[in-house]
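Enquirer: Pasting a structure here, questions to come.
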Amino acid sequence: MPSPATGPLAGRTVSRIGYGAMQLERLHDDPAAAVALLRRAVEPGVGHVDTAQFYGDGFVNGVIREAFGSADVLIATKVGAVPDPGGPFPLRLAQRPEQLRAGVEDNLRALGLDRLPLVNLRRADRRPGLLAEGDQRVDLDDQLAVLTALRDEGKIGALGLSAVTLDVLRRALPAGIACVQNAYSLVGRDDEEMVELCVAEGIAWVPFFPLGGAFPGLPKVTDEPAVLAAARALGRTPAQVGLAWLLHRAPNVHLIPGTASVAHLEANLAAADIAFDAATLAALDAIPARPVEGILG
1 MPSPATGPLA GRTVSRIGYG AMQLERLHDD PAAAVALLRR AVEPGVGHVD
51 TAQFYGDGFV NGVIREAFGS ADVLIATKVG AVPDPGGPFP LRLAQRPEQL
101 RAGVEDNLRA LGLDRLPLVN LRRADRRPGL LAEGDQRVDL DDQLAVLTAL
151 RDEGKIGALG LSAVTLDVLR RALPAGIACV QNAYSLVGRD DEEMVELCVA
201 EGIAWVPFFP LGGAFPGLPK VTDEPAVLAA ARALGRTPAQ VGLAWLLHRA
251 PNVHLIPGTA SVAHLEANLA AADIAFDAAT LAALDAIPAR PVEGILG
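The numbering of the sequence shown is full-length UniProt numbering, which starts it at 1 and goes up by one.
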């Protein structure tokens, strides 16, 4: 049976396939197309859009503001990094409490909101991504103190975590955590214990890199023979099978696949309709997972 199409996230009931806005950076020279893509995403009922002020150095948040205005869309954003277009990476860490507060204020201004529905603290404890060094190694309690204060002030609706370890999640639970965003896919299942903890605590699990392969050396879900076989049998794409497996993995999973293409967007949303029989699901579950931390060192 297919998984339910909707589920709870940050106090709302939304479609379990949302939209990750990072790929809108590719439409930097055509903001009208970016706005049109966002509006097309919400037409079939997508109610969750994931963004960050460092996506496109503010461009993405700007088109989200233009696309939705006061529309009732759950916008989830991130703090813990800022744009760095001239640096070796397009972002740099901003983990200190005063930087987190500034990040919330920047997102409020860019999105034209009085309150951010969901803010994820993007930690830097683990790969993939940048690791914290020097003054960017900040104690979790100091970070949660400023973010919960912002929640008390009404500037944040709900608080989430991103790129965290199991220990960090356990320490953060008393603060009230709405979701966790970690790298997780059919071929990268480092966090099975964390998924189960989130199920038990009623916390949404929002995997990024849901099809693997985001960095050189990481396996791709769409290369797996069992995924290819399932796609052929179902008349679907391997990517749709990989996304559908995540929805079947646990009832608290919410997806945020991103794209700059309307056709690709529609294909991603159609993954919610895929049902696996027991044999297909067993074959997918038997795919060996490779530890992301070990591959990336």
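Every residue gets a Cβ at the ideal spot worked out from N, C-alpha and C, and that includes glycine.
(1) Among residues of its own chain, excluding the 5 on either side of Pro44, which ones have a beta-carbon nearer than 7 Å to its beta-carbon?
(2) Reducing DSSP to helix, strand and coil, say where Gly86 ends up.
(3) Can the beta-carbon of Leu161 be found closer than 8 Å to that of Arg151?
(4) So Glu103 packs on Ala94, CB below 8 Å; how close in whole Å?
(5) Between the beta-carbon of Ala10 and the beta-carbon of Pro97, is there less than 8 Å?
(6) How about His248 and Leu281: are their beta carbons less than 8 Å apart?
(7) Measure the beta-carbon distance from Thr222 to Pro210 and round it to whole angstroms, keeping in mind my assumption that it falls under 8 Å.
(8) Near Ile64, which residues of its chain fall below 7 Å by C-beta distance, leaving aside the five closest residues on each side in sequence?
(9) DSSP beta-bridge partners for Gln53?
(10) Please name the residue or residues paired with Ile156 in a DSSP beta bridge.
(11) Between which residues of its own chain and Val138 is the CB-CB distance below 6 Å, once the five residues before and five after are set aside?
(12) What three-state label does DSSP hand Thr165 in the structure shown?
(13) Using only CA atoms, which one of Asp191, Asp135, Glu105 and Glu201 lies nearest to Lys155?
(14) So, under 8 Å CB-CB, Glu196 and Leu166 are touching, yes? Tell me the CB distance rounded to an integer number of Å.
(15) Classify Val262: buried if its beta carbon has 16 or more other beta carbons within 10 angstroms, exposed otherwise.
(16) Does DSSP put His254 in a helix, a strand or coil?
(17) Start and end of the beta strand (DSSP E) containing Arg12?
(18) Counting only the same chain and skipping the five closest in sequence on each side, list residues whose C-beta sits under 8 Å from that of Tyr130.
(19) Let's see if you can read the secondary structure: which residues bound the alpha helix (DSSP H) around Gln99?
(20) Please confirm if the stretch 56 to 63 is in contact with the stretch 15 to 29, defined as three or more CB-CB distances below 8 Å between the two stretches.
(21) In angstroms, rounded to a whole number, what distance separates the CA positions of Gln23 and Tyr55?
(22) Which first and last residues belong to the beta strand (DSSP E) in which Thr77 is found?
(23) Give me the DSSP bridge partner(s) of Pro174.
(24) Would you say Ala71 and Val35 are within 8 Å of each other, going by their C-beta atoms?
Expert: Looking at the atomic coordinates:
(1) Counting from 1 along the sequence shown, the entry for residue 44 is found at position 44. Excluding sequence neighbours, Pro44 sits near Leu269.
(2) Counting from 1 along the sequence shown, the entry for residue 86 is found at position 86. In this structure, Gly86 counts as coil in the three-state DSSP scheme.
(3) Here residue 161 refers to the residue found at position 161 of the sequence shown. Here residue 151 refers to the residue found at position 151 of the sequence shown. No, these two residues do not count as a Cβ contact at 8 Å.
(4) Residue mapping note: residue 103 aligns to position 103 of the sequence shown, counting from 1. Residue mapping note: residue 94 aligns to position 94 of the sequence shown, counting from 1. The sequence given here has Gly at residue 103, not Glu. Right, the Cβ-Cβ distance comes to about 6 Å (below 8 Å), so this counts as a contact.
(5) Along the sequence shown, one-based indexing puts residue 10 at 10. Along the sequence shown, one-based indexing puts residue 97 at 97. For Ala10 and Pro97, no; Cβs fall outside 8 Å.
(6) Locating residue 248 in the sequence shown gives position 248, counting from the first residue. Locating residue 281 in the sequence shown gives position 281, counting from the first residue. Yes, these two residues count as a Cβ contact at 8 Å.
(7) Along the sequence shown, read from residue 1 onward, the residue named residue 222 stands at position 222. Along the sequence shown, read from residue 1 onward, the residue named residue 210 stands at position 210. Contact doesn't hold; Cβ gap of about 11 Å is too wide.
(8) For the purposes of this step, residue 64 is identified with residue 64 of the sequence shown, where counting begins at 1. Correct list, in chain order: Ala21, Leu38, Val49, Thr51, Ile75 and Leu111.
(9) For the purposes of this step, residue 53 is identified with residue 53 of the sequence shown, where counting begins at 1. According to DSSP, Gln53 bridges with nothing at all.
(10) The sequence position of residue 156 within the sequence shown is 156, counting from 1. According to DSSP, residue pairing for Ile156 in a beta bridge involves Leu116.
(11) For this step, residue 138 is matched to residue 138 along the sequence shown. Gln95 and Arg96, listed in sequence order.
(12) On the sequence shown, residue 165 is found 165 positions in, with the first residue counted as 1. Residue state, collapsed to three classes: coil.
(13) Locating residue 155 in the sequence shown gives position 155, counting from the first residue. Out of Asp191, Asp135, Glu105 and Glu201, Glu105 has the C-alpha closest to the C-alpha of Lys155.
(14) Numbered from 1 along the sequence shown, position 196 holds the residue referred to as residue 196. Numbered from 1 along the sequence shown, position 166 holds the residue referred to as residue 166. 10 Å between Cβ atoms; not a contact.
(15) Along the sequence shown, one-based indexing puts residue 262 at 262. Exposed: under 16 other Cβ atoms inside 10 Å.
(16) The residue given as residue 254 occupies position 254 in the sequence shown. It is coil, neither helix nor strand.
(17) Along the sequence shown, one-based indexing puts residue 12 at 12. Arg12 to Ser15 is the span of the beta strand (DSSP E), which, as asked, contains Arg12.
(18) Mapped onto the sequence shown, residue 130 falls at position 130. Tyr is not the amino acid found at residue 130; the sequence shown has Leu there. Contacts found: Ala81, Phe89, Leu91, Arg92, Leu93 and Ala124.
(19) Counting from 1 along the sequence shown, the entry for residue 99 is found at position 99. Here the alpha helix (DSSP H) through Gln99 covers Pro97 to Leu111.
(20) yes
(21) To locate residue 23, count along the sequence shown from 1; it is residue 23. To locate residue 55, count along the sequence shown from 1; it is residue 55. Cα to Cα, Gln23 sits roughly 8 Å from Tyr55.
(22) Indexing the sequence shown from 1 puts residue 77 at position 77. Leu74 to Val79 is the extent of the beta strand (DSSP E) around Thr77.
(23) Walking along the sequence shown from the start, residue 174 turns up at place 174. BP columns for Pro174 are empty, so no partner.
(24) Reading the sequence shown from its first residue, position 71 is the one you call residue 71. Reading the sequence shown from its first residue, position 35 is the one you call residue 35. Result no, Cβ atoms of Ala71 and Val35 do not sit closer than 8 Å.
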